[in-house]
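In structure tokens:
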């Protein structure tokens with residue numbers, strides 16, 4: 016089944032590892048096969064991966080769009096989530112869910128869970144700042 020992606024003027028996306036920028040008018044792309052796609056609002060730049068949860072999101076994103084380096088990406092992922100769980104064991108359910116998605120090659124779903132992990136991190140940090 017084809018995927019229809021409506022783009023705003025100048026909106027960016029990644030399709031199968033290729034960075035694409037729409038021109039000055041709205042456009043619709045129809046993608047006929049299954050490839051990794053990330054819209055601009057879901058793309059995290061490496062410079063923005065400035066917290067433990069954001070680094071996890073970033074490496075999951077890299078797994079999704081760059082399957083060629085998967086062994087190294089997984090190695091980094093497992094190190095990051097291990098460190099995160101040592102600091103925030105309350106994230107165990109989120110990490111377990113995301114890890115199962117990754118092991119099942121469901122990287123887009125894992126990115127959704129990683130966004131929840133970023134929210135979890137923000138809640139923890141706000142509690143720490145209040146004390």
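Numbering (the numbering used here), first residue to last: 16 to 146.
Cβ coordinates follow ideal geometry from the N, Cα and C atoms, glycine included.
- A residue is called buried once 16 or more other Cβ atoms fall within 10 Å of its Cβ, and residue 134, having fewer, is exposed.
- Per DSSP, residue 30 is one residue of the beta strand (DSSP E) stretching across 27-30.
- When C-alpha distances from residue 39 are compared across 26, 103, 46 and 95, the shortest belongs to 26.
- For a cut-off of 8 angstroms, the C-beta gap from residue 79 to residue 126 is around 6 angstroms, short enough to register as a contact.
- For residue 36, the enclosing beta strand (DSSP E) begins and ends at 33-36.
- Restricting attention to 90, 20 and 49, the CA atom closest to the CA of residue 41 is found in 20.
- Beta-bridge partners of residue 21 (DSSP): 43.
- Annotation for residue 139: 103 and 105 place their beta carbon closer than 8 angstroms to its own, counting only its chain and skipping 5 residues before and after.
- For residue 70, the enclosing alpha helix (DSSP H) covers residues 67-80.
- Taking a cut-off of 8 angstroms for Cβ pairs, the region 60-79 and the region 41-50 do not touch, as fewer than three such pairs fall below it.
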